[in-house]
Amino acid sequence: MNLSLIRITFLCGFLLLLCPDHLVAANEQTPEIKDIIVTTSDNNLLLFATVKNCFTPEMLDGVKNGIPVVFTYYLELVKTSSNWLDTTLVESSVTRTLTFDSSKQEYHIAFSDQDGKVVATGNLEQAKQLMAEINGIKVIALAQLVPDAPYAIHFKVTLKKGSLPLGMHRLLPISALWDFETDWRTIEFRY
3 MNLSLIRITF LCGFLLLLCP DHLVAANEQT PEIKDIIVTT SDNNLLLFAT
53 VKNCFTPEML DGVKNGIPVV FTYYLELVKT SSNWLDTTLV ESSVTRTLTF
103 DSSKQEYHIA FSDQDGKVVA TGNLEQAKQL MAEINGIKVI ALAQLVPDAP
153 YAIHFKVTLK KGSLPLGMHR LLPISALWDF ETDWRTIEFR Y
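When you line the sequence shown up against my numbering, it's residues 3 to 193, in that order.
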């Protein structure tokens with residue numbers, strides 16, 4: 003083996019040891035949607051889901067420093083067909099916005115799908131759970147569905163730097179680490 007190749011290999015290994023943050027970042031899990039449930043109430047089709055691995059330490063530090071975190075949940079309901087011409091019945095999105103009130107030492111979570119409802123808590127774990135869970139989003143009225151027809155719900159979650167206050171993304175280059183978008187998840191069912 004060439005001596006210069008050995009030196010380069012040793013140098014690269016040494017540099018990796020000096021920069022453990024890069025190794026940790028490579029091992030972090032990516033956000034993903036879990037526990038998707040489609041069910042019905044007396045009048046509506048409902049969706050439940052949980053997003054795992056959706057918070058980073060940088061995001062939580064940003065919230066403590068006044069930067070809101072906004073998750074946008076996108077869903078699409080289609081009536082599927084064997085001839086490739088699916089019919090889109092619903093396209094919608096809901097948001098969860100997390101802010102921190104430093105004077106009260108409380109986290110506030112705003113729910114766009116619940117008439118602007120805001121929940122306050124001093125518990126970070128509870129705030130993270132409220133942000134990461136969708137509990138019973140009304141997708142469509144059951145009266146609009148055809149019995150025993152095939153349907154599919156496509157669902158994903160995003161967090162973009164555009165959710166930061168105006169101009170903040172230019173001042174905080176680390177905010178690029180906040181961006182995530184889960185893969186689309188599809189649940190097929192018959193009503």
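Idealized CB from N, CA, C, for every residue including glycine.
Just measuring C-alpha positions, the residue of A154, P59, L161 sitting nearest I39 is A154. The C-beta separation of I142 from L79 comes to about 6 Å, placing the pair in contact by the 8 Å criterion. Beta-bridge partners assigned by DSSP to K36: T52. Contact between F157 and I35 holds, with the beta-carbon distance rounding to 6 Å and staying under 8 Å. Separation of A134 and E108 (C-alpha to C-alpha, rounded to the nearest whole angstrom) is 18 Å.
The alpha-carbon of I111 is positioned some 43 Å away from that of N85. Secondary structure of V148 (DSSP, three-state): coil. Cα atoms of K81 and E93: separation of roughly 12 Å, rounded to the nearest angstrom.
With contacts defined as CB atoms closer than 8 Å, T97 and T74 qualify as a contacting pair. Taking C-beta atoms under 8 Å as the contact rule, V65 and T101 qualify, at a distance of about 7 Å. For the options N46, V71, P33, A51, the alpha carbon positioned closest to that of A129 is the one of V71.
At a Cβ-Cβ threshold of 8 Å, N55 and L144 do not count as neighbours.
Check the Cα spacing between T99 and each of L91, T90, L62, W186: the tightest is with L62.
Burial of A51 is indicated by the presence of at least 16 other C-beta atoms within 10 angstroms of its C-beta. Each of T42, T32, D37, S104 was checked against the Cα of P149, and the nearest Cα belongs to T42.
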